[in-house]
Amino acid sequence: MSYVWAGYALTWIAMAWFVWRLERRARDAARRLQRTGPGVDAPAASPR
Amino acid sequence: MEMWLRTWAILWKDILIEVRTKGTFNAMAFFAALILFIFSFAIGPDFELLRRIAAGLLWVGITFTGLLALARTYHSEELAGGLEALLLYPGEPRAIFLGKLIGNLMVLLVVEAILYPVAAVLFHMQLAGHVLPVAGIAVLGTFGFSVIGTFYSALTLHLRAREVMLPLLVLPLLVPVILGAVSATAALIDPSARGGVGGWVRLLIAFDVLYFVVCTWTFPVLLER
Amino acid sequence: MSEPSVSPRLRGWHRILGLVALVTTVSGSVVALFLVPPDALQGQVERLLYVHVPAAWLAFLAFFVVFVMSVLYLIQRDPRWDMVAASSAEIGVLFTALTLALGSLWGKPTWGVWWTWDPRITTTAILLVIYVGYLAVRSFAEDPERRARWSAVVGIVGFADVPIVYLSVTWWRSLHQPPSSPMSMAPAFVWTLMLNVLAFTLVYWYLLLRRYRVAVAERELEDRAAEG
Amino acid sequence: MGQLGEASVSTGSSGAGTPALRLGGAGKRFARNWGLRDVDLEVGPGELVALTGPNGAGKTTLLKIVSALHRATTGTVEVLGCRLPAEENLVRERSTLLPPHGYVYEQLTGLENLRFARLMAGVKPTSETREQIDRALDRVGLLAAADERVGGYSSGMRKRLAIARLLLRPVELVLMDEPYASLDVAGIELVDEIVGELRAGGSTILLASHRWERAIREADRLVVMERGRITWMGSPGEWAGRPAGAGGA
Chain A
26 MSYVWAGYAL
36 TWIAMAWFVW
46 RLERRARDAA
56 RRLQRTGPGV
66 DAPAASPR
Chain B
108 MEMWLRTWAI
118 LWKDILIEVR
128 TKGTFNAMAF
138 FAALILFIFS
148 FAIGPDFELL
158 RRIAAGLLWV
168 GITFTGLLAL
178 ARTYHSEELA
188 GGLEALLLYP
198 GEPRAIFLGK
208 LIGNLMVLLV
218 VEAILYPVAA
228 VLFHMQLAGH
238 VLPVAGIAVL
248 GTFGFSVIGT
258 FYSALTLHLR
268 AREVMLPLLV
278 LPLLVPVILG
288 AVSATAALID
298 PSARGGVGGW
308 VRLLIAFDVL
318 YFVVCTWTFP
328 VLLER
Chain C
60 MSEPSVSPRL
70 RGWHRILGLV
80 ALVTTVSGSV
90 VALFLVPPDA
100 LQGQVERLLY
110 VHVPAAWLAF
120 LAFFVVFVMS
130 VLYLIQRDPR
140 WDMVAASSAE
150 IGVLFTALTL
160 ALGSLWGKPT
170 WGVWWTWDPR
180 ITTTAILLVI
190 YVGYLAVRSF
200 AEDPERRARW
210 SAVVGIVGFA
220 DVPIVYLSVT
230 WWRSLHQPPS
240 SPMSMAPAFV
250 WTLMLNVLAF
260 TLVYWYLLLR
270 RYRVAVAERE
280 LEDRAAEG
Chain D
169 MGQLGEASVS
179 TGSSGAGTPA
189 LRLGGAGKRF
199 ARNWGLRDVD
209 LEVGPGELVA
219 LTGPNGAGKT
229 TLLKIVSALH
239 RATTGTVEVL
249 GCRLPAEENL
259 VRERSTLLPP
269 HGYVYEQLTG
279 LENLRFARLM
289 AGVKPTSETR
299 EQIDRALDRV
309 GLLAAADERV
319 GGYSSGMRKR
329 LAIARLLLRP
339 VELVLMDEPY
349 ASLDVAGIEL
359 VDEIVGELRA
369 GGSTILLASH
379 RWERAIREAD
389 RLVVMERGRI
399 TWMGSPGEWA
409 GRPAGAGGA
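Residue numbers (the working numbering), protein chains in the order written: chain A, 26 to 73; chain B, 108 to 332; chain C, 60 to 287; chain D, 169 to 417.
Right under this line is the structure:
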């Protein structure tokens, strides 16, 4: 049974890690977009 | 048809350069001999074992020496200043792929023509009576290998770390070729190996036809700059 | 340089998709772990199949999406198809690696070994190598247009390889070992499996949407860097 | 929108009939920098346009795009009435590029290089082809070195070999990238001679060169490029009378 727990834990951790990494990348990209001027998605930022 | 003239142009040029410089051939011949001898010493004189795995050892040798040759497919163009040396002229771009493919196929088959007899001696392969079918399988396997190698060496030519990229991209495509060639050859020369030669030969032919069509069709995409 | 943008309507929508995916996955796991009875033959370890099989299904689905987007890109040369392909490939690697890990976790108690040359598992391993090759080409090509074109070619050539690898490995294996044990088809098993396949597919679409938006933003940054 | 944007109105003077060459907002991106950016240019049939500017100005990039060796990332390119990149084979048939460093195979002899060029252009290797090759080699003064490997050629001889290859294929649009580079005095005169013949034959010529004072002598128009853009364009007369510093080459 321990293998089953390991399997499910691994599945959940893998998915959570991927989502977490994805959200971090999305935030970084959005921040850098703001800093380099008004972007396609980013809200209008004051010019640098 | 001018496409065949262009294919012949590339083949003629590459043969001329290879005969003069022997750059690819020397590297391959030495490397192949090295691999076979290392196998012999590493695996030891157990003839029964050697005979059983001979086909596998042979194709490990062919794969590594083959990758050496395939990585040099566009070497002469690089020295001349880039693929533009071939794009200067009008005409079907796929002729470039065909010319390079046949060139690679010939180089590989020449090296194999030396490799097989040496391996037969070293690994006590009973090729007697099976020479033609074994050769046929070798050609089928080498053709598939050359199609993928000639194709992907055009892609990796301008990539960073291309010495790693070519084997990495070719590896997954080599699985059916190696399985097919080794299993078919083993089924022929090693009485203990079960499994029909016919099935494996059909797989190799299917692989060769499919990838020849796919690679020839998409090749011009690799020439765009 | 075309300006691929994501319509505002789409952005709110992904939170709902994310929530639905989460709920379905949680319920899928709960059902698989606690509610469905263990299989008579394999016992508890059979519950691993409820995640192993959906993960494998997603690994191949993701690569099919890469293939379709690659073909579309070569025909239309629209950067959006390339970005969808790249996003799907990255998610595909996640599911492929997961499938292999779960496969060995399942293999150890069932066959006593971490790795078996079972045709399905071997094909999944080869699929992983194709994915790695695809992503390596993308990271080593600096020019965005070239990266899109070359990775599209790898996506197409790689995809055609999967069925042939499966066929050749199955033949090769049938020479040495009987085919792996068949899975039980009890209705409870089938429903639980379907639920988890649905859950994983929802997760895939959610991740694809999110990863695509990141790809759009990063491509925009790259274009701006080149403007300078 | 991809790379086939709308053609913007070009500013150059256009000759009668369809222009030999029209670039509308053409741009070429190499990874992180733009080799060519938003270039508008129109060249009439039979015109000789000199292209000049410092290193990296985009001259070579522009020539490679026009000769269909490279594809433009943005904007529209029309050469001899054919739209690129769709009809690139037609363009390659009716135009040719003289590259600065020749694209020649060192392991082959001069003669073999030209035989390869003929075969690659889809021409059967007949005795007549052989005579054509000999004539071209003679014209550039390489007949004596025909059977020596190009590896042993000087850079001037390699350039002459590239010129011989150009003579093999009479075309409507001739693109020359630094034709005078690595040539001695006699070689430079040879280039001028050939340029004269090509003009007499009605070919359109685009000639990129650092040595603008040489290139401008026969040019109908001079185009000055800097950092991927056209910074000045006009007739040689205007160039002579331009205020100091405008479009400094």
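Backbone N, C-alpha and C fix where the C-beta goes; we use that ideal spot for every residue, glycine too. These numbers were taken from a predicted model, which means no experiment stands behind them.
Over what stretch of residues does the beta strand (DSSP E) that includes D/K292 continue unbroken?
That residue, D/K292, is in no beta strand (DSSP E); it is neither H nor E in DSSP.
What would DSSP say about D/D388, mapped onto helix, strand or coil?
Note: D/D388 maps to coil in three-state DSSP.
Looking at chain B, which residues of the region 215–227 of chain C have a Cβ within less than 9 Å of any of its Cβ atoms?
Result list: I215, V216, G217, A219, D220, V221, I223, V224, L226 and S227.
Minimum length 4: unbroken alpha helix (DSSP H) runs contained in the region 242–311 of chain D
Listed in chain order, the alpha helix (DSSP H) elements of length 4 or more contained wholly in the region 242–311 of chain D are 256–262, 278–288 and 295–307.
Helix, strand or coil at B/R201 [DSSP, three-state]:
DSSP places B/R201 in helix when its eight states are reduced to three.
To be precise: take each residue of the region 42–66 of chain A, compare its Cβ to all Cβ atoms of chain C, and keep it if any distance is under 8 Å. Which residues remain?
Those would be F43, V44, L47, E48, R50, A51, A54, A55, R57, L58, T61, G62, G64, V65 and D66, in chain order.
Would you say C/D141 lies against chain D (beta-carbon separation less than 8 Å)?
No, C/D141 does not count as interfacial toward chain D.
Give the straight-line distance between the Cα atoms of D/V211 and C/L261, rounded to the nearest whole angstrom.
Take the alpha-carbon of D/V211 and the one of C/L261: they are about 56 Å apart.
In angstroms with no decimal places, state the Cα-to-Cα distance between D/L343 and D/L266.
D/L343 and D/L266 have their C-alpha atoms some 6 Å from each other.
Looking at the strands, I want to know which residues DSSP matches up with D/G402.
In the DSSP output, where bridge partners are listed per residue, D/G402 has D/L390.
Looking at the structure shown, is D/G192 part of a helix, part of a strand, or coil, going by DSSP?
Three-state result, D/G192: strand.
Quick one: what does DSSP say D/V217 is sitting in, helix, strand or coil?
Here D/V217 carries a strand assignment [DSSP, helix/strand/coil].
Measuring CB atoms only, is the region 261–279 of chain B touching the region 139–158 of chain B, in the sense that at least three cross pairs come out at less than 8 Å?
These segments do not touch.
In angstroms, rounded to a whole number, what distance separates the CA positions of D/R379 and D/V259?
D/R379 and D/V259: Cα-Cα distance of roughly 28 Å.
Given 8 Å, three or more beta-carbon pairs between the region 326–333 of chain D and the region 342–357 of chain D:
In short, these stretches touch, since the Cβ pair count reaches three.
Of all the residues that make up the region 188–204 of chain C, which are near chain D by a beta-carbon distance shorter than 7 Å?
Result list: E201, D202 and E204.
D/Y348 at chain B interface by Cβ criterion, 8 Å
Taking Cβ atoms only, chain B never reaches closer than 8 Å to D/Y348, which makes this a no.
Could you tell me how far apart the beta carbons of B/L175 and B/A134 are, in whole angstroms, since I believe they sit closer than 8 Å?
So it is a contact: roughly 5 Å between Cβ atoms.
For D/Y348 and D/G243, what's the separation of their Cα atoms in angstroms?
C-alpha separation (whole angstroms): 31 Å.
With a cut-off of 8 Å, does the C-beta of D/R200 fall near any C-beta of chain C?
Interface residue, yes.
Interface residues of chain B around D/R260 at Cβ under 9 Å?
Simply L194, L195, Y196, P197 and G198.
Check C/T182 in the structure and name its three-state DSSP category.
The answer is helix: DSSP assigns C/T182 an H, G or I state.
Looking at the unbroken alpha helix (DSSP H) that takes in D/M344, where does it start and where does it end?
Careful: D/M344 lies outside any alpha helix (DSSP H), inside the beta strand (DSSP E) at L341 to D345.
Quick one: which chain G residues come within Cβ less than 8 Å of C/P168?
In the structure shown, chain G cannot be found, because the protein chains are A, B, C and D.
For C/D177, is the classification buried or exposed, using 16 other Cβ atoms within 10 angstroms of its Cβ as the cut-off for buried?
By the neighbour-count rule (16 or more Cβ atoms within 10 Å), C/D177 is buried.
Please name the residue or residues paired with C/E277 in a DSSP beta bridge.
Note: C/E277 sits in no beta bridge, so no partner.
From which residue to which residue does the beta strand (DSSP E) around D/V211 run?
Where D/V211 is concerned, the enclosing beta strand (DSSP E) stretches over N201 to V211.
Neighbouring residues, chain C, relative to D/T241 (Cβ below 7 Å):
In chain order: E204.
With distances taken from CA atoms, which of D/A194, D/T228, D/V217 and D/Y273 is nearest B/T128?
Nearest option by C-alpha distance: D/Y273.
Counting only Cβ pairs nearer than 7 Å, list the residues of chain D close to B/G151.
Near B/G151 there are no residues of chain D at all, since even the closest Cβ is about 44 Å away, more than 7 Å.
So who's on the other strand from D/F198, going by DSSP bridges?
D/F198 pairs with D/N201.
For B/L118, the three-state DSSP class (helix, strand or coil):
Note: B/L118 maps to helix in three-state DSSP.
Let me make sure I understand the geometry here. Which of B/V228, B/F138, B/I285 and B/L278 has the alpha-carbon closest to that of B/Y259?
Ranked by Cα distance from B/Y259, the options B/V228, B/F138, B/I285 and B/L278 are led by B/L278.
Ignore the nearest five residues each way along the sequence and tell me which others in C/A211's own chain have a CB closer than 6 Å to its CB.
Taken in chain order, the residues that qualify are S129, Y132 and L133.
Less than 8 Å between the C-beta atoms of B/I169 and B/L222, yes or no?
Yes. Within cutoff.
Cα-Cα separation between D/A408 and D/S322, rounded to whole angstroms
Per the coordinates, the alpha-carbon of D/A408 lies some 36 Å from the alpha-carbon of D/S322.
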